[in-house]
Amino acid sequence: MKTPNDTGMNRTGIQTSPIDSRATERGAEEGQSTSLGGESRIAEVRLEMARMGETVGSMPPPATVKGMAKTAVTMMKGESPTLLLNKLGERLAFERSGVRLYEAVIDKLPAFTVDGALAGPGVADLRKIQEEELRHVDVCRRAIEKLGGDPTAMTPAADVTAVATMGLLQVACDPRMQLADSLQALLAAELIDNDGWELLIQLARGFGQDEMVQAFTQASDEEHVHLTLVRTWLASMVMHEAGIEEAIAAPLA
Amino acid sequence: MTLDLTAQRGTPLDQQRFTWREIAGALPISKLDDDAFTRVRVILMNGIMSDALRFKHIASRLNGPLRRPLAEVRRVEQHMQTMINWLLPADQSPLETTIGYEQVAIEVTAAIAQHEPDPYLAQVYRFGLLEDFDHLYRYSALLDRLEGKDANNILQSYTDVRPGRPTAVEHRAPVDDLRRHYDRKIAAPITKLHAITLFAGEYQTHDYYMHVGPLFSDPVARMLYAEIASIEEQHVTQYECLADPTESWLEKWLLHEATEVYNFWGCMRQESNPRLKAVWERFLDYELGQLSMVKDLFERIENRDPFSVIPKKLPEPIDFSSQRTFVRQVLKDEVDFRAVGTEIVPLEKETPRSPSVLYRDHMNSEGSPTQIVAANYEWRPGGELMDQAAVQATVH
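As given, the protein sequences belong to chains A and B, one line each in that order.
Numbering that gives the first Met the number 0 applies: residue 0 is where the first sequence begins, and numbers increase by one.
Numbering that gives the first Met the number 0 applies: residue 0 is where the second sequence begins, and numbers increase by one.
And the structure:
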């Protein structure tokens, strides 16, 4: 099976065309910049715009008086109860997209195992993780509802995390991108997810939400396992392809 | 309240100026906090302005003496369109923006269909409406099943997400996308403004799908955009046929400017975001200035009264609100309708060996992406995974 590590016709570097690339270099040297300064000019605009103090959006108001009371009663501690709801919305969105992310990898997995078992995961391995991600969706939903929030709302943090992870989905869904590429995307997702749950536990603890701390800790423990597994599969696959078999026995985690 | 076009001169063209900061440096609307109809207006007006540019370029290719005034107005309109389109935020993914585009197609077409005085054109609008309604359902399934997101975060519960006339049966032979045109001499002015508004909207939707389709890595997403973009091309064909081809270039230009005035005025009257309201008001004044200029050209070159073509007073604006009840009724009554030649007919009038059936059967012979993506899909609040997660939790 062809792999992207095989030598082919990649034309992107200057060494592909030594004569033309020298001409391009000379052309660039002969040209003169039309404005003074450097990258700091870009920085000035970025800073000015950031100082305008806009956000991507806000938290939804409680839909009912009951919801408002619920939030107030449940949140005995902490100054910003909606912050916890915002971060819960982020986790929910991340886990929900995570289910889709794993689905995309599972769907194309058989295409990468036609030559026999590789050092990577099997469908059952990924399916188990995916089921746990789905369970985490429900953990988040329950926590949001307990606080009187609306689990169907896209919170600002949920919106931001979707922007941050768009590239991961693009990798997982691309039929040309290999299993190791998809595992790289899963690894990035699991790293974000692990820290996300850790932060959520700290927040829940700070807000005196003991029941949530317990549920989140279980989710976090499962995420630790996901991270270790994905890391190991990725390292093993790369080492296997490189022909460095002994490294497989010593996972990085 | 209406707007008297005989009394308005608007901002003179030479005072219609911008800086880069103005057109591209303002912060966009909020995907989360702004009303969905604010996004609808932004998308619609981007479509109107992109068609203003398109029309003027084609006019310029075929009308030497008009090239200079066309270029002068077009330059301002280029910057107006930029300022409008740049109001869309970067956290709104191409697929989420697509959901917004379909909401525009549904809600605006439904509002227009109810106020169109020509029964044939109203029928054509209802026909197209049910097709865009189906596209929303297919794209919502993609958003849910690809990104794990809920289309209703964009739609804000104004618009139903359910199948319309299935996209797989919308594919028609070109001959069945042709429509009869209004008669320029007897058609009501609002009929002309409606037709221009809709083909401008559909044209930009087609172009948007053609631009963003290849940005997706998912093979089903790529095919889905290709399939729906093909229908949007059919819709452009359908809607542009509605305009009378015997209108002169200047007459068409005059009508286009009047359509722009009409729509900016409608946006200004109904806008809930004060910052955007000010943009619509400014652009209404700009468009009134451009209309004045084209009125003068029309009088001078064609020696005709511009108000023999455009209305003296603007008709009631397009209603930017949920048209759910109307859409459901049309869905109930007309979902099985088909097009044969220029006529919209009941299903049984389409014969098994008709050009459209043969064309459709071939296009779908290796599967229809719109059927694949939405297989057994039903919209649920928060997306279908929310229910699956709840079910899984009760099982364990």
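Quick reminder that beta carbons are idealized off the backbone N, C-alpha and C, glycines included.
Computed from a predicted model, the values in this text were never measured in an experiment.
**Q.** Whole-angstrom distance between residue 109(A) and residue 198(B), CA atom to CA atom
**A.** 45 Å
Check distances from the C-beta atoms of the stretch 213 to 235 of chain B to those of chain A and list, in chain order, the residues that come in under 8 Å. 215, 216, 217, 218 and 220
- What residues from chain B crowd round residue 153(A), counting only those whose CB sits closer than 7 Å? 31 and 152
Q | Buried/exposed call for residue 272(B), threshold 16 Cβ in 10 Å | A | buried
Roughly how many whole angstroms lie between the Cα atoms of residue 5(B) and residue 323(B)? 36 Å
Go ahead and pull the three-state DSSP assignment for residue 396(B).
Any property of residue 396(B) remains undetermined from this structure, which presents chain B solely from 0 to 395.
Stretch-stretch touch, CB-based, cutoff 8 Å, three pairs: the stretch 9 to 23 of chain B with the stretch 56 to 66 of chain B: no
ask   = Mind checking residue 38(B): buried by the 16 CB within 10 Å criterion, or exposed?
value = buried
- Please list the partners that residue 165(A) has in chain B, where partner means a Cβ-to-Cβ separation under 9 Å. 92 and 146
Proximity below 8 Å, CB of residue 98(B) to CB of residue 142(B): yes
Residues near residue 335(B) by beta carbon distance below 8 Å, same chain, minus five either side:
164, 345 and 346
| Within 10 angstroms of its Cβ, does residue 252(A) collect 16 or more other Cβ (buried), or is it exposed? | Reliability of the predicted coordinates at residue 252(A) is poor, the pLDDT of 46 falling under 50, and the value obtained from them is presented with this limitation in mind. When all chains shown are included, residue 252(A) counts as exposed.
### Message
Tell me the rounded alpha-carbon separation between residue 240(B) and residue 90(B).
### Response
37 Å
Subject >> Continuous beta strand (DSSP E) stretch holding residue 179(A): start and end >> reply: That residue, residue 179(A), is in no beta strand (DSSP E); its alpha helix (DSSP H) goes 178 to 205.
Partners in chain B for residue 150(A), counting only beta-carbon separations shorter than 8 Å: 381 and 385
Residue 70(B) touches chain A at which residues, Cβ-Cβ below 9 Å?
By Cβ distance, chain A contributes nothing, its closest Cβ being about 26 Å from residue 70(B), past 9 Å.
* To do: Taking the CB atoms as reference points, tell me whether residue 152(A) and residue 167(A) lie closer together than 8 Å.
  => no
Which residues in the same chain as residue 85(B) place their Cβ atom closer than 8 Å to its Cβ, once the five residues preceding and following it in sequence are excluded? 22, 23, 25 and 27
| If you drop the 5 nearest sequence neighbours on each side, which residues of the same chain put their C-beta closer than 8 Å to that of residue 27(A)? | none
Residue 41(A) to residue 47(A), Cα distance in whole Å?
-> 10 Å
Looking only at its own chain, which residues have a Cβ that is under 6 Å from the Cβ of residue 168(B), when we skip the five neighbours before and after it? none
Check your understanding: Are the C-beta atoms of residue 0(A) and some chain B residue less than 8 Å apart?
Key -> no
>> Can you find the residues in the same chain that come closer than 8 Å, C-beta to C-beta, to residue 265(B), ignoring five residues on each side of it along the sequence?
In response: 316, 317 and 319
**Request:** Tell me whether residue 49(A) is buried or exposed, calling it buried when 16 or more other Cβ atoms sit within 10 Å of its Cβ.
**Result:** exposed
Can you tell which of 130(B), 79(B) and 29(B) has the C-alpha that lies nearest to the C-alpha of residue 233(B)?
-> 130(B)
Give me the subset of the stretch 35 to 56 of chain A whose CB atoms are less than 7 Å from a CB atom of chain B, sorted by chain position. 51, 53, 55 and 56
Legend entry - Within 8 Å, strictly: CB atoms of residue 69(B) and residue 101(B): no
### Query
From 181(B), 133(B) and 285(B), pick the residue whose C-alpha is nearest to that of residue 194(B); which is it?
181(B)
Margin query: Quick check on residue 20(A): buried or exposed, where buried means 16 or more other Cβ atoms within 10 Å of its Cβ?
Written below: exposed
Margin query: Please tell me whether residue 388(B) has its Cβ less than 8 Å away from any Cβ of chain A.
Written below: yes
* Does the distance from the CB of residue 373(B) to the CB of residue 309(B) come in under 8 Å? -> no
Notebook entry, point to check: Which one or two residues does DSSP pair with residue 3(B) in a beta bridge?
Noted result: 312(B)
Could you compute how far the alpha carbon of residue 137(B) sits from the alpha carbon of residue 3(B)? 43 Å
Quick one: Cα of residue 210(B) to Cα of residue 229(B), how far?
-> 13 Å
Those residues which DSSP pairs with residue 338(B) across a bridge: 343(B)
Using a Cβ cut-off of 8 Å (strictly closer), state whether residue 391(B) contacts chain A. yes
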